[in-house]
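Contents: one structure, followed by commentary.
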Amino acid sequence: MGGAVVDEGPGGVKAPDGGWGWAVLFGCFVITGFSYAFPKAVSVFFKELIREFDVGYSDTAWISSILLAMLYGTGPLCSVLVNRYGCRPVMMVGGLFASLGMILSSFSTSIIHIYLSTGVITGLGLALNFQPSLIMLNRYFSEKRPLANGLAAAGSPVALCCLSPLGQLLQYQYGWRGGFLILGGLLLNCCACAALMRPLVAPPKPPQREDVEKEGKELEVEKTQSKPKPLLDFSVFKDRGFLIYTIAASIMVLGLFVPPVFVVSYAKELGNEDTKSALLLSILGFIDIFARPTCGVIAGLKWVRPRVVYLFSFAMIFNGCTDLVGSQAKDYPSLVVFCVFFGISYGMVGALQFEVLMAIVGTEKFPSAIGLVLLMEAIAVLVGPPGAGRLLDATKNYMYVFLLAGIEVVLASVVLATCNFLFIRKKPSEPAAELENGTVSAEMELLNKPVAAEEEEEEEVEKGEKEVKEMKEKEEKEKEEKEKEKLKEMKEEEKEEAKEMKEKEEAKEMKEKEEVKEMKKEAVEKAKEDEEDSEKEKEEIRPESVMVVSEEEEEEEEIRPDSVMVVSEEEERFLKEPDEQNGALLSSSETRL
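The numbering of the sequence shown is my numbering, which starts it at 365 and goes up by one.
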C-alpha cells in the first residue's frame, strides 16, 4: 500500500497513457459531474414539490438520499455487470435508465412516484455510468493516472456550478415537470459518453519463442482457464491494504459531506442574507475546481507517487482540521475563509480517493474492489448526515456538528496513515524508475504474505527477470539476424532487378534494330516493286505504238505499188515519147540524106 501498483490492462494490454485515453477522460469527466452534482441540483425543485404534493422538507430530502444510496449501494451489482458484459454496454444501459427515470418523474402524481423514478431508476442509471467510467480510466492511464483522476474528479464542481443555475432557470420557465423532462433529455449524454469507452485490444504478436517456454506458458494458460474469474472477486479482502483503506474511507465519509450540507444554514443562523449564504457554496465549488487537477499533478510526481497513501492521509487531516477550526467561526468573513480552505482540502480528497484504491489493488481487481468500497461508503453516507442532523436538533448549535465532522475525518486519516506504516511492510528498495516504466507488479500481494514465502517469491521473480532478460537478448539477436538476412535479400533482389533491367534493355535494342532492318527491307522491296510496275506499264504502252506504226507502214506499202506503177507508166510514156521523137528525127534526117 505504500507504493503504486502500475500494471497492465486486461489481456496484457499496456495502458496507452494518452491517445484515445483523453476521450475516455472527457467522458469520465462528464459522468462524474452528473453523478455527484445531480443529487444536489435536484434540490432546486424541492420547494415546488412541497407545494405540489403538500409534503415536508424532510420528505423531499429523501430524493437526494435515495439517489446517493443507489449511487454508492449498487457498487457490487455494477462490478458483477462489468465483469460479465464489459464497461461500454453497462454504461449505455445506465444512460438510458438515468434519462428514463427523470422523464417518468415529470408525470408523477405523488412523492412516492418520484422516489421510485428519480431516486431508484435515475440513481441506478448514474451508478451504472459512474463506476465503469472509473474502471475504464484506470485501464487507459498508468503513469499519468493521478493527473487523469484529478481532471475527472473536477467534473463534480464544474457540473454543480452549471446544473444548479440551469435547474433554477428551468423551474422558472417550465415548472418542475418541464424541468425534469429537459434534465432527462440532458442525461442521455451519458450514452454518448459511454460510446467513448472503447475497450483495449492487444495487438497481435508473432510467435518467436522456444518450444520449452511455449509449453510453460500454455500450462499457465490452462491453469488460469481452469479457474474462471468470479463475477465479484472477494479475494480483495485478503489484502491488508484494501481492508485498511475500506475502514478509513468509511469513517471519512461519515463526516466528509456534512459541512457542505450545513454551511449555508450555519451562515443564515449567524444573521446573513440568503444570497450571501448561498454564495459560500459557490466559493467552495470554485476553489474545488482548481484544487482537484492541481492535486492530481502533485500526486503524479516521481517522489510523491510511491507515497500517495500518505498524501491522501494529509488531505484528510487538512480537511478535518479545517472543520475543527471552522466550528469556531462567528461571522461571515470567517466562514468565507473556512470555505476556501475546505474547498482545497475537499478537492484533494476527491482527487486522491480512487487513485489510492487503484494503486492498492491494481487494474484486475479494481472493478470488484470499487464496488465493495462503494457499498461500505453507502452505509456511512446514510448514517453520517442524518446523524449530524439529530445532533443539531439535540444541541441547537452548529459548532458541535462541525466538530463531529472534523473528528471523524481526522480519525480516518490517522487510521490510514498509522496502519499503513505499521502493518504494511515495504520493500527495501523501491526505485521510481520501475514506476515510470510500468514494471512494478503485484507489490501489495507480496507485502501481505509471510517473509519466507516472500523470499521464495522474490527468488522466483529474480529467476523470471533473468529469463525475461535472456528472452529479450535472444529476441534481439534473432531480430539482428533477420535484419541482416533481409538486407542480403534486398541486395540480391536489387542485383536481380538490375540484371533484368539490362536484359530488358538489350532485348528492346535488338527488337528496335530488327524493326529498322525490316523497315529498310520493306522500303527496298517497295522500290523494286515500283520499278517493276513502271517497266510493266512501259511495256504495255510500247506494243500499241508499234502496232500503229506497222499499220501505217502497211498502208504505205499498199499505196506505194500503185504509185510505183503509176510512175512507171508515165515514165514509160515519157520514155516512149522521146524515142518516138528521136525516131522521127532520125527518119527526117535520113530522108534528108
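Built from N, CA and C at the ideal position, the CB exists for glycine as well. In this text the structure is predicted, and so the values were computed from the model without any measurement.
The stretch 669-678 / the stretch 732-739 touching (three or more Cβ pairs under 8 Å) = Output reads no: the stretch 732-739 does not touch the stretch 669-678.
Own chain, CB closer than 7 Å to residue 380, minus 5 neighbours either side, in chain order = The answer, listed in chain order, is 504.
ask   = Exposed or buried, residue 400, counting other C-beta atoms within 10 Å across all chains shown (16 or more means buried)?
value = With 16 or more other Cβ atoms within 10 Å, it is buried.
key: Option nearest residue 1019 by Cα separation, candidates 496, 778, 428 and 433   = Only positions 365 to 957 of the chain appear in the structure, and residue 1019 is not among them; the question remains open.
ask   = For residue 816, does the three-state DSSP call read helix, strand or coil?
value = Any reading at residue 816 must be qualified, since the residue scores a pLDDT of 46, below 50, and its modelled position is unreliable; the value itself is stated next. Residue 816 sits in a helix when the DSSP states are folded into three classes.
request  = Would you check if the stretch 458-473 and the stretch 507-519 touch, i.e. whether three or more CB-CB distances between them fall below 8 Å?
outcome  = no
ask   = Between the stretch 388-404 and the stretch 552-559, do at least 3 Cβ pairs fall closer than 8 Å?
value = yes
task = Identify the continuous alpha helix (DSSP H) that holds residue 639 and give its terminal residues.
result = 638-663
request  = Report the three-state DSSP secondary structure of residue 897 (helix, strand or coil).
outcome  = helix
key: Endpoints, the alpha helix (DSSP H) within which residue 612 is located   = 604-620
task = Confirm, please, whether the CB-CB distance from residue 465 to residue 486 is below 7 Å.
result = yes
message = Quick check: what's the CA-CA separation for residue 874 versus residue 868?
response = 10 Å
request  = Check residue 495 in the structure and name its three-state DSSP category.
outcome  = helix
key: Inter-residue spacing [alpha-carbon to alpha-carbon] between residue 384 and residue 638   = 45 Å
message = Between the stretch 757-777 and the stretch 527-541, can you find at least three pairs of beta-carbon atoms closer than 8 Å?
response = no
key: Sub-7 Å separation of residue 752 and residue 622 beta-carbons   = yes
request  = Grab the span of the alpha helix (DSSP H) containing residue 784 for me, first residue to last.
outcome  = 762-787
request  = Could you give the DSSP three-state label for residue 383: helix, strand or coil?
outcome  = coil
ask   = Is the distance from the Cβ of residue 709 to the Cβ of residue 683 below 7 Å?
value = Cβ distance < 7 Å, so residue 709 and residue 683 count as in contact.
query = Are the beta-carbon atoms of residue 442 and residue 499 separated by less than 7 Å?
reply = no
ask   = With burial defined as no fewer than 16 other Cβ atoms inside 10 Å of the residue's Cβ, what is the status of residue 576: buried or exposed?
value = For residue 576, the predicted structure reports a pLDDT of 46, less than 50, and the residue's modelled location is therefore unreliable. The matter cannot be settled from this model.
query = If you run the structure through DSSP and keep just helix, strand and coil, what is residue 757?
reply = helix
query = Would a C-beta distance cut-off of 7 Å place residue 440 and residue 739 closer than the cut-off?
reply = Residue 440 is a Cβ neighbour of residue 739, given a cutoff of 7 Å.
First through last residue of the alpha helix (DSSP H) which encompasses residue 687 = That run of the alpha helix (DSSP H) goes 672-690.
ask   = Enumerated in chain order, which unbroken segments of the alpha helix (DSSP H) with a length of 4 residues or greater are wholly contained in the stretch 484-561?
value = 487-504, 509-517, 519-550 and 553-559
request  = Report buried or exposed for residue 652, applying the criterion of at least 16 other Cβ atoms within 10 angstroms of its Cβ.
outcome  = buried
ask   = DSSP state of residue 470, grouped into three classes?
value = coil
task = Can you have a look at residue 454 and say buried or exposed, based on whether 16 or more other CB atoms are within 10 angstroms of its CB?
result = buried
message = Does the stretch 427-434 come into contact with the stretch 712-723, if we say contact requires no fewer than three beta-carbon pairs (one atom in each stretch) closer than 8 Å?
response = no
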